[in-house]
Amino acid sequence: MAVYIIDMCGRLADAAGQELRLELAEEPISIAALRDAARAIAPGQGVHWERVRGCIDAEIVADDAQAYAHQTIALLPPVSGG
Amino acid sequence: MTVRVTLSDAPFDPYALLAQFARDAGGDIGAIASFVGQTRATSADGAAISAMELTSYRSLTLRSMEDIAAAAATRFGLTHLLLLHRVGRMVPGEPVVLVAVAASHRRNALQAVDYAMDRLKSEAVFWKAEMGDFGRRWIEPSDGDAADLARWNIGQEEHDNNGRN
Numbered sequence: 001m002a003v004y005i006i007d008m009c010g011r012l013a014d015a016a017g018q019e020l021r022l023e024l025a026e027e028p029i030s031i032a033a034l035r036d037a038a039r040a041i042a043p044g045q046g047v048h049w050e051r052v053r054g055c056i057d058a059e060i061v062a063d064d065a066q067a068y069a070h071q072t073i074a075l076l077p078p079v080s081g082g
Numbered sequence: 083m084t085v086r087v088t089l090s091d092a093p094f095d096p097y098a099l100l101a102q103f104a105r106d107a108g109g110d111i112g113a114i115a116s117f118v119g120q121t122r123a124t125s126a127d128g129a130a131i132s133a134m135e136l137t138s139y140r141s142l143t144l145r146s147m148e149d150i151a152a153a154a155a156t157r158f159g160l161t162h163l164l165l166l167h168r169v170g171r172m173v174p175g176e177p178v179v180l181v182a183v184a185a186s187h188r189r190n191a192l193q194a195v196d197y198a199m200d201r202l203k204s205e206a207v208f209w210k211a212e213m214g215d216f217g218r219r220w221i222e223p224s225d226g227d228a229a230d231l232a233r234w235n236i237g238q239e240e241h242d243n244n245g246r247n
């Protein structure tokens, strides 16, 4: 099993906390699959999951980007701006 | 060109910083322009706000601010730029953001502040929640912010070089 620690940003943290720990059989795994797994555990309220982006090692990445458990991973809902 | 970008979880005095900025910019410039954003006491729907909470994803947030600051400095030929943004919980009237610029001429200075704020409002990596009698609710990006951004005709190259989007 691979253990992914995901930083949950903005409103995603309301349901999941600042960090979400996911134990998954697959490694690497796509951002889209990680997002689906996070959604299943902590769907939250008012979250437009289809607009949630993935971030790996401080770079916003496409849904098909592959993440490894040792990387710094975050899920980002649409920003509010400053 | 001197560009300084700060992401702070501590309150700040924008007017003291602005005075220091003017001193640092020196006497051989023609224009200093600035913007101070404060926490509003009412929401877009008119509800009273008791506090606002800004959260960030520090590495990305800081980079998005640095990209916007660098783009403004380049596009408008600034000699100095200061961008400071708060995160954390703020009460109405409390400063949230300071943008200060120095340039040779007033129009570049004024436009640079406007440009930087429009990009900050729509692109910077922040999430805002407002609190009041209604409880706590997240603020979504607005169509108005997108329209403000469109005024600047930001090309793909400017985004690629300086932006996250």
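Chains as they are written, first to last, in my numbering: chain A, 1 to 82; chain B, 83 to 247. The C-beta atom is built at its ideal place from N, Cα and C for all residues, glycine as well.
Asked, Found
"Reference B:G112; option with closest CA among B:N190, B:W209, B:G237 and B:D149", "B:N190"
"Candidates B:D91, B:Y139, B:I150 and B:R86, of which the one nearest B:M172 by Cα", "B:D91"
"Residues that B:D227 contacts on chain A, provided the C-beta gap is smaller than 7 Å", "G81"
"Neighbour list for A:L76 in chain B, Cβ cutoff strictly below 8 Å", "Y139, L142 and V207"
"Interface partners of A:G10 on chain B, CB under 8 Å", "T137, W209 and W220"
"Sequence-distant residues of the same chain with beta carbon closer than 8 Å to B:I131, five excluded per side", "T121, R122, A123, T124, S125, P174, E212, M213 and G214"
"Where B:L89 falls, given that 16 or more other Cβ within 10 Å makes a residue buried", "buried"
"Where the beta strand (DSSP E) containing B:V183 begins and where it ends", "P177 to A185"
"Rounded Cβ spacing between A:R11 and A:G46 (contact assumed at less than 8 Å)", "7 Å"
"A:A2 to A:L20 span [Cα, whole Å]", "13 Å"
"Proximity below 8 Å, CB of B:E222 to CB of B:P93", "no"
"Alpha helix (DSSP H) segment containing B:V195, residue limits", "R188 to E205"
"Cβ contact (3+ pairs, closer than 8 Å) linking the stretch 93-111 of chain B and the stretch 151-159 of chain B", "no"
"Residues near B:R246 in its chain [Cβ-Cβ closer than 6 Å; skip 5 each side]", "Low confidence applies to B:R246: its pLDDT is 42, below 50, so where it sits in the model is not reliable, and the reading given next is rough at best. Same-chain partners within the cutoff: S146."
"Same chain only: Cβ atoms within 6 Å of B:F208, ignoring 5 sequence neighbours per side", "L136 and S138"
"Option nearest B:H187 by Cα separation, candidates B:L99, B:D110, B:V181 and B:L100", "B:D110"
"Near-chain B residues of the stretch 51-72 of chain A - C-beta to any C-beta below 7 Å", "C55, A58 and I60"
"Inter-residue Cα distance where the pair is A:A42 and B:I150", "33 Å"
"Of the residues A:I31, A:Y4 and A:V61, the one placed nearest A:E23, counting alpha carbons only", "A:Y4"
"As assigned by DSSP and simplified to three states, the class of A:I41", "helix"
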